[in-house]
Structures are given as structure tokens and as C-alpha cells.
Amino acid sequence: MAKRGKVNLARPDWCKACGICVEVCPVEVLELGPERIEIAYPDNCVGCENCELSCPDFVLKVVKENDE
Amino acid sequence: MAKRGKVNLARPDWCKACGICVEVCPVEVLELGPERIEIAYPDNCVGCENCELSCPDFVLKVVKENDE
Amino acid sequence: MTNKILSEQDKTSDRVMLLQGDEAVVEGGLVAGASFFAGYPITPASEIAEGFAQKLPAQGGKFIQMEDEIASMGCVIGASLAGEKAITATSGPGFSLKQENLGLGIMVEAPCVVVNVQRVGPSTGLPTSPSQGDVMQARWGTHGDHPIIALSPSTVKETIELTIKSFNMAEKYRIPVILLLDEIVGHMREKVRVPAPAEVELITRKRPAAEDRDNFYPYLETADHIPPMPDYGEGFRYHSTGLFHDKTGFPRGKTEDAKKLMDRLMAKIEENLQDIIIIEDELQGDEEIIVLSYGSTARSAISAVRQARELGIKAGWVKLKTVWPFAESYVAEISNKVEKIIVPELNRGQLIGEVKKAAAGNAEVSGINKYDGTIIPPDEILTRIKEVSK
Amino acid sequence: MTNKILSEQDKTSDRVMLLQGDEAVVEGGLVAGASFFAGYPITPASEIAEGFAQKLPAQGGKFIQMEDEIASMGCVIGASLAGEKAITATSGPGFSLKQENLGLGIMVEAPCVVVNVQRVGPSTGLPTSPSQGDVMQARWGTHGDHPIIALSPSTVKETIELTIKSFNMAEKYRIPVILLLDEIVGHMREKVRVPAPAEVELITRKRPAAEDRDNFYPYLETADHIPPMPDYGEGFRYHSTGLFHDKTGFPRGKTEDAKKLMDRLMAKIEENLQDIIIIEDELQGDEEIIVLSYGSTARSAISAVRQARELGIKAGWVKLKTVWPFAESYVAEISNKVEKIIVPELNRGQLIGEVKKAAAGNAEVSGINKYDGTIIPPDEILTRIKEVSK
Amino acid sequence: MRKEIRLSGAGGQGMILAGIILAEASLFDPELYVVQTQSYGPESRGGASRAEVIFSNEPIDYPKVVKADILVCLTEESLEKYGEEVTDEGVVIADDSFGGGYYHPERANFYSLPIITTAREEIGLEVTANMVALGVVDSFLPEIDSSCLERAIERRVPQGTEEKNLAAFQAGQELLANVIE
Amino acid sequence: MRKEIRLSGAGGQGMILAGIILAEASLFDPELYVVQTQSYGPESRGGASRAEVIFSNEPIDYPKVVKADILVCLTEESLEKYGEEVTDEGVVIADDSFGGGYYHPERANFYSLPIITTAREEIGLEVTANMVALGVVDSFLPEIDSSCLERAIERRVPQGTEEKNLAAFQAGQELLANVIE
Amino acid sequence: MVEDIDRYLREDKLPHIWCPGCGHGTVMASILRGFARSGIDQDKTVVISGIGCSGRASGYLDFDTLHVTHGRAITFATGVKMANPDLTVIVITGDGDGAAIGGNHLIHACRRNIDLKVILFNNNIYGMTAGQFSPMTPTGATATTAPYGNIDQNFNLCELAKSAGATFVARGAAQQPRQLIRIFKKGFAHQGLTFVEAITQCPVNYGRRNNLGGARDMLNWQKEHIINHRKYQDLPPEEKEDKLPAGILYQVEKEEYTEKYQQIITAAQESDDQ
Amino acid sequence: MVEDIDRYLREDKLPHIWCPGCGHGTVMASILRGFARSGIDQDKTVVISGIGCSGRASGYLDFDTLHVTHGRAITFATGVKMANPDLTVIVITGDGDGAAIGGNHLIHACRRNIDLKVILFNNNIYGMTAGQFSPMTPTGATATTAPYGNIDQNFNLCELAKSAGATFVARGAAQQPRQLIRIFKKGFAHQGLTFVEAITQCPVNYGRRNNLGGARDMLNWQKEHIINHRKYQDLPPEEKEDKLPAGILYQVEKEEYTEKYQQIITAAQESDDQ
Ligand SMILES: Cc1ncc(C[n+]2csc(CCOP(=O)(O)OP(=O)(O)O)c2C)c(N)n1
Ligand SMILES: Cc1ncc(C[n+]2csc(CCOP(=O)(O)OP(=O)(O)O)c2C)c(N)n1
Ligand code: SF4
Ligand code: SF4
Ligand code: SF4
Ligand code: SF4
Ligand code: SF4
Ligand code: SF4
Ligand SMILES: [Mg+2]
Ligand SMILES: [Mg+2]
């Protein structure tokens, strides 16, 4: 079974709305709001961590479901 | 016929008696005197120019016989 | 709204411009004939490099960005010796790095202009805030005794003027001239008219005649102490070195040569103080208090002095456009006439030391000092004027 | 021949040595606990590097030859922050190159010693000839306002003493201390006794207690203005920067922080002038003329003054062992008592400016200046004493 | 006449360009002197941003705003920071996206205007808010002919954006009129 | 007592080492002060070379020779250069390889001695001429015990060459005796 | 789960001043993730940076940190490492800081093979001073000081570091954080001079002026042009031209500088004891 | 007959101050012979040197000559060449001058491919200051500042120059003046950054301390260890170790810096004319 995960907005205030996370997410989870990122479709998240690894601003954290 | 030449002490005063020319001469022509180089056996000179090219002090000049 | 609008033609006159001080260095430099810039970017001086990068090629001039400030200084001296009117620009950290090669420039007598747009130091300091903290460094930054010329403008217009003068003095006296801006002047925009080259006096180094080639002494002691200087490649085949040397350019290892050379280098400046020291003042002759200022601080100073006059205080204003050589005899003279001299500076008190030395106890000298990146507003100076006038 | 020969034992006492000034820096440094040297060779200071290269390892200390003087200065500051008593040595050209990083050292308050064995400048100048031409550079060589301590010995013995003091002051005040030798002192050999570490006062920087780790402000304003300093790797995890910063070590971009920091850096020195300024004098109290000297020149000066006394001239001798901060109030005081002050210097007149400023017209100040690589013999000073005593 | 204008906002809102354009307008009036300054610094990356322009018909000595005759604030922070440094008769122009926090009931000339909204909605480009603001300033600046400002805009905005910017400027000019109506 | 000694010759003749050794001899006499200086410079590469030593029983202020009490010259150039800077009673020791040029008939204490020859012929090493010279100087230096000088030589010459150098020193000591005899 | 790096951050100094979309943040995070995996003691680690946007990194990292003069970070780091070889010393530098003004210190640190972890944030531009060209600005690109296009040759820093003597040379990119993390982890474990060129995007002062789009476009550029060095090797020459190999390009074991110096100390002390 | 080089000498400044047996004289003579063969105009040639024994060369050569600060000759040369691309600009530097303090300028000049003829006199030591180690001092050799033996890695300057972008890279030795002359002749004809490492002996401050004998012995060492690069290539690795390849190691034609800048000028002037 593929690992699943859940992306969190750990530090929403630090988001600079650069959109990088949107770009690197393989599925549709994230959307750019007017001010900052939004987790539009949390259920889509496959926990790949691309977003956490790529975000330059330490905004996102992905929790693996089997870690919970 | 092999080219021949004649080595001259163009600037004897500049000689620092390092002995490099003696080392590079393929035949016995040059000898180190107490103060400076001496052309001990001028007739041996084959005009190879090794000494002129190697002397760090511009002391020696070789004249090729066919230049004369 | 009155109808003072410029005619269509005037409007497009590209000689009237809104320029930053940094940009004014570029425009002034181009008027003066600057043909070479080498530099390394640094706030708040980068705009000077950028301006020259943009504008030199169209005039056949050259711009090069070097790997650091040391290289920039070396490059400018090399270009100067090859015949260019050369300039570099930096701020404090880079100015520190240029010091060794600046000394070489003084020794080989290479005309060039070194701009330092001062920010707060030491070290990285406050990179975007104004300061006059490198005034003493401009005099003493390189090792050993040496002459120096340093000019410091207080307006954008004056930046153009003094940039031109820097080139002129560099060429005339065969010396690197330091142009000390501060961040305020460097980054402020003012409306100015850039003169055409034909409108201003332009000086170019004395060059020897081709027929002097065979009997040429590159560092000859002449009546004016300034030997003529050929460009590289003209067949003079002369030698220059940072070692002490005689008129031939070569070191002989004789101590009298060292003294002679140093005396000549200093004489170039010391015997031409009249020409080099530029002072602007607003004095009525009855002054009891004088505010002696330079650079952007002079703007607050004049404002304060005028307000003081309105209050009936006998205050006067002096602005040194030439910071080095210091206007010693001028200050000595005024110190005999006035009671107090106030020296506002954007540092912890630097040029005030020279003022005190020159005043030799004849006038009371006090400083107003800001060294936190803010500037001195007129009312602080006015307050001090009022205080000391009591 | 009298039989004053040392006993076999004394003969082999390796504390009595014939040392050059440069070697004395090494020996003095080792006594003071120097544990790190980084440098780049240059005449006439190379012997200092060579001595440390030889001697440090046996003491567990480290020597590194860097690629240039900029790197050497950086390296020394790095080692200092990691806990070493660190030193570097150079001469004028290298001292010019060190200036930028010297400013960083002042900003991050890294204790260290920077030796400059002065030769004639500017530029390459006269590499093997003595000079006191970098005295003003030692004060103003780096950009921006900054505090500085500079000591200058006149004998080999004093070189040992002042090297130890340099380390002590560096550690005590968390500041780079400049030790200004001149080529004469650097290369002359004298017989000296090198004290054992136990015989001298040795100061080591204040370090914070491990339990302060959680509430640690690396740049805290303390009563003595000198914050304790942990070594890297002790878990304090603190930040240092060349930007203006507050007590946390971080820049906040507030102007009041800049002022506070600069004031504290200056206060470290200004409030401890008593401790820092070391003066030696030979005065009878009736002086009319004083010869004020420093470095090797002080040797000719004392000789001349004693001869003058024998001639009945009321001459006195002052030697500044601390060149910076300048002994302003001391000079102000003596200038009120004497008529003339003579300042002999191996330069074109540098420290004399400070003397004039302090004297404020109260005494006539004149210089004797040599800047050609020769030194000032006693009779030249005596002649001047006689002249001014008329 | 000495007229001090301060334009303030966040980095990226173009306040400095607005200041430069305002100053550049003086080029077309031979009798005007001008000085323009700005705050540089890490501030310019995201933080606060500020431009100052002083007009006069005499040479200008002190180059900084002492008390503004006109203050423009596109952010609440800038209003808080500079709101007090205004002359008694001075004009304060604030974007209407923030109402609370700082507010001067006593200040006669306080205008809360939809500057950013106008830029976004009317012009369709939020980044033109600086030009809208300039348009508002123009209404309070009889000393400068509007045509000079328009000229300056044409010269200083990026090529190809002249029209949008001029439109924004004009929208700004009208804003006040609308409010006053 | 202040005794000024100047040792001069060509670069490579070891005059500086001789000066250092002379100075080092003071280490073994607790009441002696000493200062030793030398000329550095490109001179040291081939040109003239000079070492100065001053002994005193008081601290020494001026560290340079004013007028030498003892002058050693291994080359004619050095005799020409320094021959006049000697006290009236001063001793001048010159190598005998040059006789002409400079010569002071009035100077009582002028000794022309086969220093270099002794080194070359007696010791078999011309480079020990400096130690021969030191031996001669020793004869004129009652203030320093010869054993101190020998000590100093042992400490300062390159390891392995002590014997040759001491032999040269002793040959020098005898030189004068031979001449005077 | 991705390793927790919060303990290495000075949260009170964040968010950082870097622009939206600046790759510096991604690289910094990757360093910390590599560090977390390395098992090195945080208290025994010093981070030293120069001046530039990249240089600001030291302020955000919870170690002993030192923010020095422009271009000189390696020299300070050399002093720290020599003084205390037990410390892990990380240098963060920029392409201007490390390759222009600081180039000499880089090659000499490589030559010594001193154990510094030199991480160069290569954004092809002087970011901090707003867009002048750096030695890493590609030929032809424009910059404020290259308004007519940069005429300097392209510069290969990894080649340079290798030829100067570095014993660990790697290249990674913000677009490939996983690879970067692996590189850093291995680099931290290496003994000897470790040089990592981390390619990062500066959308504000490089991308915008060169019409490369925003951060996302620049990341896509990286994706296309920075390829695994093994794949790179197999490319035909003409395809290599506009590509850069990434990964650990070179690693050898050689004696490290402070270790060698320790041998001198040991020998000197032994001979002193005798 | 060997070409006459007297016209390039300032005879009144000679004999030079270099020690007996110093290889600097041989290299200098070889430069002049190469120059004589190149046919370049003496009056259009500038020689710039730094500080060191090698740096003294400029004083002996009858051209426009400039003797600058330690390590910076290339920077001055860059200014001269940019100012007047018609000049042939020769830089004479030492291994300390050019590889230690001046290393950065070297790599950046290479990177630009500016047409300077950089000739580095490598005597493996700081000669002028009497024997401190340089970046070219071999590992293990002693020097006044390496009394316990040098622990730095050996440094390959030719590799460095090449990797930095030099378009002509050669190595020769005083022991092989004929090869040196050929190298210089070809180097003078090359357009672009020309780097020549000329290995020369310092018997006084390097040879003596390292028991390498006198000048003659050192030349014999060169003979055995410096071999033609083609022969070198064919050696088995273990034999390569203590040998150095000599000859023109690398040469490519690439556009030169001042030429490229001239194109900018031409373009700017054309667009200005419109
Ligand atoms: C001696 C000195 N010269 C110049 C500067 C100005 N300066 C600050 S950062 C910088 C360039 C930074 O570029 P880079 O290293 O690439 O870092 P980035 O900002 O791109 O991350 C320069 C030139 C300085 N601070 N000090
Ligand atoms: C800034 C500066 N640092 C140091 C010196 C001292 N110095 C003069 S020459 C030299 C080394 C010369 O070595 P190298 O370049 O190898 O030349 P060589 O004498 O061996 O020919 C040094 C360190 C100096 N003159 N200037
Ligand atoms: S963890 Fe992966 S799938 Fe989930 S939001 Fe992040 S990038 Fe998208
Ligand atoms: S990558 Fe980070 S900063 Fe950028 S939009 Fe996503 S969460 Fe925000
Ligand atoms: S090589 Fe030249 S200097 Fe040396 S001995 Fe021969 S002639 Fe004399
Ligand atoms: S030319 Fe050849 S053979 Fe003749 S002396 Fe010179 S080296 Fe010997
Ligand atoms: S200027 Fe460039 S490098 Fe600097 S923070 Fe902004 S995007 Fe990053
Ligand atoms: S010291 Fe060495 S490099 Fe210098 S001249 Fe003498 S032998 Fe040549
Ligand atoms: Mg960058
Ligand atoms: Mg060398």
C-alpha cells in the first residue's frame, strides 16, 4: 500500500505565496490564495513531501499517516 | 659538415660564476675561474649555444662560424 | 497653478535631468572625459558602476567589472597609465581594500578618480545609511606618508561640478583624487543641468613631445613638480614602480632619492593649495559663531545658520568642498576672528580634529555628531548655535 | 678583563637571550599565551611568522601561513572566536590589506594582536628601511568610526613587555590590539631576559559560565562594557556580524542600536585610558622643553635630552608606549607647563598632529622628521633642543 | 514655497517610483527646485518603503521631510509610523483597506480612499496603485501642472506600460472628486 | 664604557653572523648590555654588508654606530665607505687583499691582515674569514672574555661546523700576535 | 517523514528576508536536512557566511554563527577549524562572495584540503546588491552592469575546486532538494575540503531581467538543464553544452589539513619532551 | 645564431640582482628570445610585474614597464589591455605573487580570456623574502615557515589556469631554454589568456634548505622530472607521480575579451548614431 500523508500549514504566516509548492505537488492539493498558500484539497495529498522539501519558507509540514 | 661556432665572453663582468654554462656544454670549452667563467678550450666549441641560452646573466654569446 | 511650463523643446532638453548623486558622478565624469571605469558593486555606490556600464561604450569608453576592489583599483591605474581618464567607485569596505593600490597609484603618479559613497562603518556597518565616517581614512588609509586630494559635494549639482574637478585635479597633479560622497548625496535626486563639455574647463595631463623620447625622465623634478606623462605604447619605454625611485623611475637605493621623491609628491599638493582647496562660505564679516561643514551636512548647516541670523545671532556658514588637503590656514584665520566654531559631522568627530589643530586654541571648537545612520536636521544645529551664543 | 663571566648554570639559562625585536614578539607572545598565528611573509616582519612556525607546535599551538594578509586577518579572528590567543604580523602593504577585516574584528570584538613592523611607504616604498609612517593608518586605516589600541616599543625588552600587554589588553577589552614596531626595533638584537609566564600578569578574556547558556546575550551592555565571550563549540550558539547589532548579536535595523553599539565600543577604551595609556618619562619638573617620542626614535631622544641637561638646558623626555588612544590629557597638561615640545618622528609629521591638537596653542610644537629610511641621531635632536632653548 | 510630500507603503507597492515620477515632473517647470530621497535597506525587500519629495522655488537645503504637507499611506503600518509627522494643515491620504488602528478625528484633511481597489478593479493591475496615488496627490498639488506629471510618468514607467499607468493616474485624479461629490 | 664595533664586507662574507656572535658573547657576562644591528636590503644580495655591535655597561640608547671604536673591512669598498667613521683612537682592521686606494698613514691603529688568506689557507674554507676577523677583533676587546666569544660561536654557527669556525677564530686571535711580533 | 529541522532554526529571526520564490530558503532547508541526517552535534558546529543574500543564512541557523566581510568567510572558517578541529565548520557563500571576491580563498582552502564544508549558493547574480553580474552569470545574459550582455566566459566552479585540490565536489539544485540533502549528508561525513555548488534561483534580480519568468519557471529551467552526472556523461557532446551535471562529481580520501598539523604538534611535543 | 636580445635589455640596470645560478635570468632571456621571434613591436609592448625576485624582471627589460604591488600585476595589466588592445601586455609574476596572494586575479583573467601573457616564474618558494613556502612548494619540503615540512597539497597551476578558462597553457623550465623559447614565441602569437609556468631554480632560498645542491644540481633535477607532455602521457601512473609534463599543454581558439568588448562599443555607437 502506498504511503499516505497529510500536509499541514505549520507556519502559515511565513508563506510568501511564491507558488513553488503548487508547482511541485504531483496531485492537486495546494492552491495559491491572495496572500498565502491554501490547502485546497487535503484529501488528495499522497504525502510525497515535495512541498515541504521545496518550500523556501518552512511553511509546510507533511505528516505521514503511518507516523501518526 | 657539422656547424661550428665560437663562444665569446660578451659581458665578462656580469658573470656570477654559477657554473651553469659548464654544466650544459656538451664538450669541454668552459671552466670556472675563481671569480668568473673562463673560455678554457675555445677550439672545442661546437657552437651549440647551450651556454648562451642557459646563462642567467647574459654573459656568453656564441657566434656561428658560417655567420662570420 | 501658474503657467511656467517649459516649451516642448525645453522639455526634451536632455541636459536638464533628475539625477541621483551617483548618477551625477556618471554624468559629470562623462563631461570631464572619463573613458574608463573599473569597479566592483557595493551599496550605495553600485549605481555609478551601472551608469558607466550603460553609457561608456557609446562614447568609445570602456567599462569592466573586476573580481574585487583591489583589482578595480589596479585596473584603473593600469588604464590611466595607458592614457585613459579612469575612475572607480566604491563604499567603505571596498575603500579599505583599495588602500594598498591607492598608495601605488600615488607613487607612480597615475591620474585617476576614486569615489567613495560613504555608508556607516566599520565593517559591513549599516550598508544603506549615510555617513561621513571615512574622512580620516581618505587621508590616512594607505600606509606611509603620502599626499592626498579629497573633495566632497553636498548637492547633486555639486557632485557634477566636483566630479569634473576631480578629473581635472587628477590629471593636473598626476594623483588619484578621492571623491567622497555620502549615501544621502549619492542616492538623493535633484534636478540639475548637466553642462556640455564645452561649457566647463577640462584639464588633461601634460604629455611629453615625441621628440623627448630619447632624453626622457618619467619622474623628473620640474618647476611645477609634475613630470609630463606619456601613454603606454608611444615608445618612451619607461619604468614605474612602487619602490622609491629617482627621476629615471628606477630605485637606486639611495636615501636622498626617497626624500626627494616624497618632497616632490607632497609639493605637488602643498604648493597648490590655492588651486586645490575650494571653500564656499556665507559670511557677513561680523561672525561670532561659525558652522563649518562639508558634504550633505552642509545643507542642514546653511539652513540653521540662516535661521540663526534671522534670530539676530551672528552666525556664519562655511562649507569645505575640498576636505583634503585641509583648509588649515583658512580655518586658522577664521579662528582668530570668531569665538566658536561648530563642526557638524555624520561621524564621531573626525574632521573636527583638524579644525582644532588649526584653531590652536583660538576659538572654541565643538562638534555635533551623528553616527547611527540618521542625519543631522537643521534644528539640532540651530539649538547648538543658540546654546553657544549665550 | 674582569672576571664577570656568568656561571656555567647562568650561561645556559635560556631565559637570557640575544633577540631581535621580531623574535621578541614571538617570545613575548609565547609568554602571554599566544596559541595561534596566521600570517603572510613580508619584510621586515617575516621573522615573527618564522619564529611562531618554529615554536608554536611544541606548545600545542598552531601556525598557518595563509594566501595573503586579508586571509591572515580573517583566520586570526576566526581562531580568536574559537578560543585562541591569536596573533598576526605584517608590514605596511599587508597592514593596508588587513584593514577591512580589522574593522570586522573590532565589530565582533575578537581579541587578537596585529603586529605591524613599519617600513617606509607608501606602496612598496623602502622595504628594508625603518619608518614610523603607519601611525595614522593604525588609527584610521579601516573605514568608519572605531576604537583602536596601538602600542609601540622602543627596545627589544619593551617589545616583550608590550607584546604581553597587547595580548592582555586584547583579551581584557575584546579588541584587536595593534603592536607597531619599526624596522629598527624589529631587526635590532639586544640582550634580554624573557620572563617566565608566572612572573608576569596575564589576562584572559572573561568567559560566560556554562549555566548562562540559556539566557545569553553575546553583546550585552555590562557595567564595564565588555561582554563575556564563550568559545565556539560550547553550546552558546550565538551570532556575530559586521553589521550593527544589538545585545543579541543580531541587526535589528534600528538606529538607536547603532549608536549604542558604537558608544559601547568606544567606552571600552575611553573609560579605561588610565589602564591603556602607558607613558614613560624622565622629567625633573622644571622643564622648558620636552622631547615627546615613541618607538625607536625615543632612544635618540633620551640620549639628546640627557646631553642637553648636561649643558644646563631644562629639557625633559617623554616616551609614549601607547600611541593610540593618544595621551591627550597628559599632553594637554604638559603643554601648560612647558614652552616647547619637540616631536621627532620617522615620518613627515604624523603624531605631531595629535600633540598640536592637545597642546591647543599652549606650547610651541615642532617636529623633527626623517622619512628617507634613515633614523634620527641624537645630535640632530640636541641641535634642535639648543635652537629652541635660545 | 516649500512643499514636502511623503509617499509610504510596503516594498513592492512602487512608492519609490512614484516619488521619482513626482520629482521628475519638476523637470518641465524651470522655476521649480526638487529633492527626492527614499529609504533604502533590507526594508526595500518586503518591509516598509518610503519616498520623499520636496518642491520649492528656491534651492533646497535640508533634503528630508520635516513635517509633510502631503502624506500618502498605502499600508496601516506606514500610517502609524508617519501619521504624526504632518503639518497641521497637511493632507493625509490613506488607502481605504484599513480604517481602524490609527485614525485622526481631529485632522480635517484626512482622506481614506479606495486606491488599491481602484488599481485592481478599474485598471485591472494592483501594481498601478502607486499611479492612482499620484493622481490623488496631483489634486492637492496646484504647484505642479498635471501635464508635467503625465510627462514624467511616460518617461519613467517601463516601456509598454505607459497607457495603463496614465489611466491609473487619471483614475486617481478622479477619485478625490468622486469622494468630495 | 660604550664600545662601537662595525664589521663590513661583501654579502656572503658572513659579516652579519659575525656581528650576531659578537653580540651573543654578551649573554655570558651579566653586566654587559649589547645592541646589534645590520644593514638589510638588496645589498644583502651580493652588495655591501654591514653589522654593528655596541657594548656598554649601561642601557644603550642610540643603537647605531656613530664613530666606530673597531672597524673591520673585508673589502676595499667597505673601507672606503666606513674608513672615516672611526674614533681617533679607533682600530681599523682591513684584509690585506687590498692595500691601495684608501689608506691612512696618520692612523696609528690601522692593521692590514691576511684574514681571507688565513681562512682559505689555514682553515681551508674561505667562508670562515668572518671567524678569523672575529678572532682579530677579540684581541682589541678586553671587555669581552674570549671564552664568551667561543661559547657564542658554538651556539650560532651551523651544526657540524663548530670546530672549523673555532679554529678560524683562534687563527684570527694569533694573526695579530704574529703581526706585532 | 522528513527530518525535523526546527531545532536548527532561529525561529524568532524568521521568516527570512529572502524574496518570495528565492531558492536560498530551499537550499538552506536542505542543508539542515542533510545535517540532521549526519548526526553531527549541533553545539559543535559553526556556520560562517559572507555578505550577500546567501550570507544572511547564518543568522537563521541555530549554531555558533559568524557573518563576516564580503568574500572572506573561508578565511575565518580556516581559523576556527585550525583552532578547534573537533568543530564542524560550514561556510555559506554566494557566487559573488565565493567565486568573485573570495575566489582565492576558495582555491587555497581546496589546496590545503582543510575540512570545511563550503556551500556556494549559485544564483548566477549578485542578488543583495540588486543584479550586477557575477562570475557565474552565463555568457550573454544581462545584468545591471552588463546591459549589453555579459561577455565573460562561463565558469565551472566545480572543475575549479577539483583542480585546486578539493576532495569532495558536488553540484545540486534547489529544484532537486532530495539530491541536495543526500549531497549534504555525504559532504558532512567527508573528511577534507567539501565543496558544494547549490544552484538556486533569484527570480527578482536575475530571472526577471533575463525574462526567465518567476521562481516556478526558473525551477523548471533547472529541471531541464541540471541532470544527474551519470546521465550527463552519456550525453553526446552537443547536448552536454547547455547542461550541467549534478550529484557528487568527485570524491577522494586524502589526509586532511588539521590532522596533518596535529602530527606536527605531536612530533614537536615529543621531540621537546626528550 | 641565437637571436639578438640586447635591444630588449636595459643594459645600464644590469647585471641583475638575482643570485648566482638563479634560474630567473635564464627564463627572462628565454622570454626575450621568444619575443624576438614573435615579431611584435617593442614599443607596443608593456611588461608588468609584481613583487618578488621575479618581479624585478620588469626593471631590466626595455619596454614600457610597471612594477606594482605584490600579487596584483594582472589587475593592472587588465587595465592596460582594456585601455589599449593594440598593446601586447606581458605579466611577469612569481609563484607567491601569482599563485598565493594573486591567485584570484589569475583565475579571473583566465575566465575572461583577456589577451595577457602571464608568465609565472615558479621557483617553489618565496625567494625575495628569503625562503617561506609558497603554494608551489612541494608537500614535505621545508621552508622557513615550514620548519617541520610543508603539509599543503601539491598544486597544479596549469590545471587550475585551464579549468579557469585560459586558452593557452604551457609549462617549461629553465633547464630547457629551447622549449621555453618556443613556448613563448607561440604564446605571444596566441590571442587570449596565455599562461606559462616557467619552472626556475632558487638555489639560495629553496635548494640550499632542502639539500638539493646548487643551481647545477637543481637543473639536473629539472631534467629528470620535467618531461615533454607527450612522453608524459605515455607513462604508467606510478611514474607520472613525481614528474611534470612540459610543453604547450592546452591551446584553443576562443573569442578574446577586448575583442568582445569592442563589439559592444561598435554596437552601442551604431545604435547611438541612429
Ligand atoms: C568589500 C565589499 N565589496 C562589495 C560589497 C557589496 N556586496 C554585498 S553582497 C554582494 C554580492 C553578493 O552576491 P552573491 O555573493 O552572489 O550573493 P547573493 O546576494 O546573490 O546571494 C556585494 C558585491 C561588500 N559588502 N563588501
Ligand atoms: C602585500 C604584500 N605582502 C607581502 C609582501 C612581501 N613579499 C615580497 S616578495 C614576496 C614573495 C615573493 O615570492 P614569489 O612571488 O614566489 O617571487 P620570488 O621572489 O620567489 O621570485 C612577498 C611575500 C609584499 N611586498 N606585499
Ligand atoms: S506532500 Fe506531496 S502530495 Fe502532499 S501536498 Fe505536499 S507535494 Fe502535494
Ligand atoms: S512554497 Fe512555501 S512560501 Fe511558497 S507558496 Fe508554497 S507554502 Fe508559500
Ligand atoms: S652561466 Fe653565465 S653567469 Fe654562470 S658561470 Fe656561466 S657565464 Fe657565468
Ligand atoms: S656553444 Fe655549446 S659547445 Fe660552445 S661553449 Fe657554448 S655550450 Fe659549449
Ligand atoms: S534578491 Fe534574489 S537572491 Fe536575494 S533574496 Fe531576492 S530572490 Fe533571493
Ligand atoms: S633568492 Fe632565489 S629566486 Fe631570488 S634571486 Fe636568489 S636564487 Fe633567485
Ligand atoms: Mg549570487
Ligand atoms: Mg617564488
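Chains as they are written, first to last, in this note's numbering: chain A, 80 to 147; chain B, 80 to 147; chain C, 1332 to 1721; chain D, 1332 to 1721; chain E, 6 to 186; chain F, 6 to 186; chain G, 46 to 319; chain H, 46 to 319.
Ideal Cβ positions, reconstructed from N, Cα and C, are used throughout, including at glycine.
As the structure is a prediction and not an experimental result, all values here were calculated from the model.
Rounded C-alpha distance that separates residue i from residue j
i: A1658(D); j: H1477(D); result: 17 Å
i: I159(G); j: K299(G); result: 10 Å
i: Q314(H); j: Y306(H); result: 12 Å
i: L32(E); j: Q1463(C); result: 30 Å
i: C153(F); j: V141(F); result: 15 Å
Buried or exposed by the 16-neighbour rule on C-beta atoms within 10 Å, applied to residue i
i: N273(H); result: exposed
i: A291(H); result: buried
i: K207(G); result: buried
i: C64(G); result: buried
i: A1527(C); result: exposed
i: G100(G); result: buried
Any non-hydrogen atom of ligand 10 closer than 7 Å to residue i Cβ
i: D140(H); result: yes
i: G97(H); result: yes
Residue i - DSSP class collapsed to helix/strand/coil
i: S1485(C); result: coil
i: S49(E); result: Low confidence applies to S49(E): its pLDDT is 46, below 50, so where it sits in the model is not reliable, and the reading given next is rough at best. Three-state result, S49(E): helix.
i: A1694(D); result: coil
Distance cut-off 7 Å: residue i Cβ against heavy atoms of ligand 3
i: V103(A); result: yes
Near ligand 1: residue i beta-carbon under 7 Å from a heavy atom
i: G1452(C); result: no
i: I1683(D); result: no
Whole-Å CB distance - residue i paired with residue j, under 8 Å assumed
i: D1399(C); j: G1475(D); result: The Cβ separation is near 19 Å, so there is no contact.
i: V1508(D); j: M1500(D); result: 5 Å
i: A1646(C); j: R1640(C); result: 6 Å
Residue i: CB within 7 Å of a non-hydrogen atom of ligand 5
i: G68(H); result: no
i: P1507(D); result: no
Residue i CB to nearest heavy atom of ligand 4 below 7 Å
i: R223(G); result: no
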